[in-house]
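*Asks:* I'd like to ask some things about the structure below.
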């Protein structure tokens, strides 16, 4: 029996409508509009597309947003100055520096320059530490989106074996930390596979929930999946496709056709995890605005 499709686009729209109502309530009570600053360094085409999509989501939800575009030769100190200006701007509640950065800029140094209260990407070491020990924080957007997809599809990870392929700081490590917490919609047994794993399929075949996030086009085939498993495909890869008008198509890290015949449920690419990432960024920005309004109220 073919897999159920987990529709990230539909679920993300539901979440955005909830956020829009909450943002309107915040404005009616306090006059505050959630504000998000995007910083784009250089002219990476994919980064430009991502920032444009995030800006469009802000517009849809009635958020205030500003996109600061800087040349590729911008120095570390110049970038930190711009971040500090947003750190002290009361209209800006969230700051997002679009990655990757040019090679001459130290990514970690830049992420640490963002005020943790405005770190809506959840990459600052303070917020990463809070996530690991189970404190309330801004979870990284893609992992938070994965958990929300499971939750809204009625798939409870509690007691399940979750196997994650990929150990990036953006997806693999944080989703492992989120799903192993002793909390609702978590409490799973988690295994992480990576380039050092000798036989990845040995582990993927044991997964009740398989999360593919390694950035290799169609790496996970149907014969690597346990029948009935839930498959969450985080990958977005361009592969050549002469039959397409653009000359390429987008595929995930999972070979969809073969996985579809085996899995119990699966996310498509595009239209699965991707839209959820933006929805959760909006959710973190609203949360940041609420946190900062509350802090201002108590300081007055």
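In the numbering used here, the protein residues as written are 34 to 333. All C-beta atoms, glycine included, are put in the ideal place defined by N, C-alpha and C.
#1: Using C-beta distances below 6 Å, list every residue in its chain close to residue 251, excluding the 5 sequence neighbours before and after it, in chain order.
#2: Count the other CB atoms within 10 Å of the CB of residue 87; is the residue buried (16 or more) or exposed (fewer)?
#3: For residue 254, does the three-state DSSP call read helix, strand or coil?
#4: Residues in its own chain within less than 7 Å of residue 142 by CB, not counting five upstream and five downstream?
#5: Could you say if the region 111-121 and the region 77-93 meet the contact criterion of at least three C-beta pairs nearer than 8 Å?
#6: Of all the options 60, 158, 254, which has the alpha carbon lying nearest to the alpha carbon of residue 146?
#7: Going by C-alpha distance, which of 219, 96, 170 is nearest residue 64?
#8: Where residue 148 and residue 120 are concerned, what is the direct C-alpha to C-alpha distance, given to the nearest angstrom?
#9: Does the Cβ of residue 232 have 16 or more other Cβ atoms within 10 Å, making it buried, or fewer, making it exposed?
#10: Quick one: give me the first and last residue of the alpha helix (DSSP H) that residue 89 is part of.
#11: Look at the Cβ atom of residue 295, then the Cβ atom of residue 178, and state whether they are nearer than 8 Å.
#12: On the DSSP letters alone, give me the boundaries of the beta strand (DSSP E) that residue 224 sits inside.
#13: Determine whether the beta carbon atoms of residue 298 and residue 37 lie at a separation below 8 Å.
#14: Where does residue 168 fall in DSSP's three states?
#15: Quick one: what's residue 298 bridged to in DSSP?
#16: Start and end of the beta strand (DSSP E) containing residue 71?
#17: Using DSSP's beta-bridge definition, name the partner residues of residue 194.
#18: For my contact list, residue 103 and residue 73 are in at a C-beta cut-off of 8 Å; report their separation, rounded to the angstrom.
#19: Any chance the region 307-325 sits against the region 186-202, with 3 or more Cβ pairs inside 8 Å?
*Replies:* Based on what the coordinates show:
#1: Short of 6 Å from the beta carbon of residue 251, and not among the five residues preceding or following it, lie these beta carbons of its own chain, in chain order: 284, 288.
#2: With 16 or more Cβ atoms within 10 Å of its Cβ, residue 87 is classed as buried.
#3: Secondary structure at residue 254: coil, using DSSP grouped into helix, strand and coil.
#4: Once the five neighbours on either side are set aside, the close Cβ partners of residue 142 are 109.
#5: Using a Cβ-Cβ distance cut-off of 8 Å, the region 111-121 and the region 77-93 are not in contact, since fewer than three pairs of beta carbons, one from each stretch, lie closer than that value.
#6: Closest by alpha carbon: 158.
#7: Minimum Cα distance to residue 64 is reached at 96.
#8: Rounded to whole angstroms, residue 148 and residue 120 show a C-alpha spacing of 6 Å.
#9: Counting Cβ neighbours within 10 Å, residue 232 comes out exposed, since fewer than 16 surround it.
#10: It spans 78-94 - the alpha helix (DSSP H) in which residue 89 sits, taken as one unbroken run.
#11: Cβ atoms of residue 295 and residue 178: not closer than 8 Å.
#12: The continuous beta strand (DSSP E) containing residue 224 extends over residues 222-226.
#13: Inclusion of residue 298 and residue 37 in the CB contact set at 8 Å is warranted, their separation being smaller than that value.
#14: In the structure shown, the three-state DSSP call for residue 168 is coil.
#15: According to DSSP, which records beta bridges pairwise, residue 298 is partnered with 37, 263.
#16: DSSP places residue 71 in the uninterrupted beta strand (DSSP E) bounded by 68-74.
#17: Note: residue 194 sits in a beta bridge opposite 222.
#18: About 7 Å separates the beta carbons of residue 103 and residue 73, which is inside the 8 Å limit, making them a contact pair.
#19: No, the region 307-325 is not in contact with the region 186-202.
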